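Visitor:
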Amino acid sequence: MQNYIRKRAVRIAQHIIQTTDTVRQTAEVFGISKSTVHKDVSERLPRINKQLAEEVKQVLDKNKAERHLRGGEATRQKYAHYTSSQLQTNSNSFK
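Per the numbering used here, the very first residue in the sequence shown carries number 1; after that it's consecutive.
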């Protein structure tokens, strides 16, 4: 594993632990994909630092358990700038 990947995985882990950000939020902060964040913390990090990996796992498990409470917040934000008439027009175009 290349050194920059090791460093990125550790930086991502530290960020998640300090902020309790979700994978989606972390991906946005680091400018990488959600799948890269997930691979870094679930596959690469345990080979680099098992204790850090366990701490991240606890945060991500908590986020997953609370996911239903956020109830589509990302989707709500994505469409927040549309007016209801714009959404109605767009939904009719898919019929």
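The beta carbon of each residue, even a glycine, is placed where N, CA and C say it ideally should be.
Keep in mind that this is a model prediction, so the values were computed, not measured.
Among the residues of its own chain, which have a CB less than 8 Å from the CB of Val37, if the five just before and after it don't count?
Guide: Start at 1 with the first residue of the sequence shown, and residue 37 comes out as number 37. Excluding residues within five positions, the ones whose Cβ falls inside 8 Å are Ile12, Val23, Thr26, Ala27, Phe30.
Visitor: Within 10 Å of its beta-carbon, does Ala53 have 16 or more other beta-carbons around it, so buried, or fewer, so exposed?
Guide: The residue given as residue 53 occupies position 53 in the sequence shown. Classification for Ala53: buried.
Visitor: Hey, quick one: how far does the alpha helix (DSSP H) through Ile32 stretch, first residue to last?
Guide: As a first step, residue 32 must be located in the sequence shown, where it is residue number 32. Counting along the chain, Ile32 falls outside any alpha helix (DSSP H), and DSSP gives it neither H nor E.
Visitor: If you draw a straight line from the C-alpha of Lys57 to the C-alpha of Lys34, how long is it?
Guide: Position 57 of the sequence shown, counted from the start, is the residue given in the question as residue 57. Position 34 of the sequence shown, counted from the start, is the residue given in the question as residue 34. Taking the straight line joining both Cα atoms gives about 15 Å.
Visitor: Count the other CB atoms within 10 Å of the CB of Ala65; is the residue buried (16 or more) or exposed (fewer)?
Guide: Position 65 of the sequence shown, counting from 1, holds the residue named residue 65. It counts as exposed.
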